[in-house]
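First up is the structure itself, then whatever we jot down about it.
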Ligand SMILES: [Zn+2]
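In the numbering used here, the protein residues as written are 1 to 240.
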């Protein structure tokens with residue numbers, strides 16, 4: 001049995017570039033970089049030539065660029081259900097851009113996004129929705145566009161041949177002190193539960209490195225897992 005480690009860095013954009021660079025400088029494994037084209041509508045990556053050059057170089061050196069939403073933000077809608085309001089505003093803090101996206105909107109946004117990556121010479125094969133929340137219509141749009149894979153909190157899905165690997169991603173919540181304390185304990189137990197699993201997934205967010213105890217645990221888990229597993233991108237894992 002192959003044993004793989006996939007480390008992903010979420011929310012990569014010109015607005016998070018500085019912490020992203022510090023995180024990547026501290027790691028020596030290939031990383032799936034989840035890039036937001038126009039982070040919160042605050043400026044598209046295409047307008048930042050230095051960022052584009054850096055992304056191209058990272059991909060050439062073995063990382064992977066993954067499409068990660070378009071703005072990462074979900075507009076509040078009139079008449080939405082209570083359940084939708086709770087999930088999109090509380091659980092994800094308004095970041096569920098693809099949580100209930102319709103088919104046509106998903107087709108347009110993902111096709112546009114892919115063209116923008118191609119414009120800088122990067123060919124993304126995966127799409128991962130913000131907060132891992134992807135509607136059924138959004139997933140159908142990804143299949144129709146020929147997107148290779150997507151991931152959710154508990155699974156990696158190869159979209160073109162239907163294979164699905166169950167594996168819950170490690171992920172830290174740092175918004176409040178109590179969340180950080182819960183995250184540290186939760187991830188210790190999840191890390192041990194995954195010790196014999198075929199796939200271990202470690203998801204990092206730029207803000208994680210601002211919290212020393214969180215970052216220390218992340219770096220320690222990656223180093224420990226990389227000694228026993230082959231570290232690779234999602235793109236490579238799905239292709240193997
Ligand atoms: Zn994200």
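Positions of the beta carbon are idealized from the N, C-alpha and C atoms, including for glycine.
Asked                                                                                                                                : Found
Residue 175 to residue 27 span [Cα, whole Å]                                                                                         : 23 angstroms
Alpha carbon of residue 150 to alpha carbon of residue 212, nearest angstrom                                                         : 30 angstroms
Contact test: residue 208 Cβ vs ligand 2 heavy atom, cutoff 7 angstroms                                                              : This structure lacks ligand 2; its bound ligands are ligand 1.
8 angstroms Cβ cutoff met for residue 183 and residue 165                                                                            : no
Length of the line joining the Cα atoms of residue 14 and residue 116                                                                : 15 angstroms
For residue 70 and residue 143, the rounded distance between their alpha carbons                                                     : 18 angstroms
Residue 242 versus 147, 7, 148, 50, residue with shortest Cα-Cα distance                                                             : Summary: the structure shown does not reach residue 242, with the chain confined to residues 1 through 240, and so no result is reported for it.
Contact shell at 5 angstroms, judged by CB to any heavy atom of ligand 1, ordered along the chain                                    : 10, 11, 130
Beta-carbon spacing of residue 152, residue 134 below 8 angstroms                                                                    : yes
Which of helix, strand or coil DSSP assigns to residue 71                                                                            : coil
Minimum length 4: unbroken alpha helix (DSSP H) runs contained in the region 111-160                                                 : 136-144
Coil, strand or helix - residue 204 by DSSP                                                                                          : strand
Cβ pair residue 180, residue 222 closer than 8 angstroms                                                                             : no
C-beta atoms of residue 155 and residue 106 nearer than 8 angstroms                                                                  : no
Euclidean distance between Cα positions of residue 159 and residue 125                                                               : 10 angstroms
Under the three-state DSSP convention, the category residue 64 falls into                                                            : strand
Chain B contact for residue 173 (CB, 8 angstroms cutoff)                                                                             : Annotation note: the requested chain B is absent from the structure, which comprises a single protein chain.
Own chain residues within Cβ distance below 7 angstroms of residue 113, not counting five before or after                            : 37, 67, 70
Residues of its chain near residue 247, where Cβ-Cβ distance is below 6 angstroms and the 5 sequence neighbours each way are ignored : Nothing can be reported for residue 247, as the shown portion of the chain is limited to 1 through 240.
Sheet register partners of residue 108 (DSSP bridge)                                                                                 : Paired residue(s): none; residue 108 is not in a bridge.
Contact set for residue 63: own chain, Cβ-Cβ below 6 angstroms, skip 5 residues either direction                                     : 30, 31, 33
Among 167, 226, 208, 220, the one whose alpha carbon lies nearest that of residue 198                                                : 167
Alpha-carbon spacing of residue 192 relative to residue 119, whole angstroms                                                         : 42 angstroms
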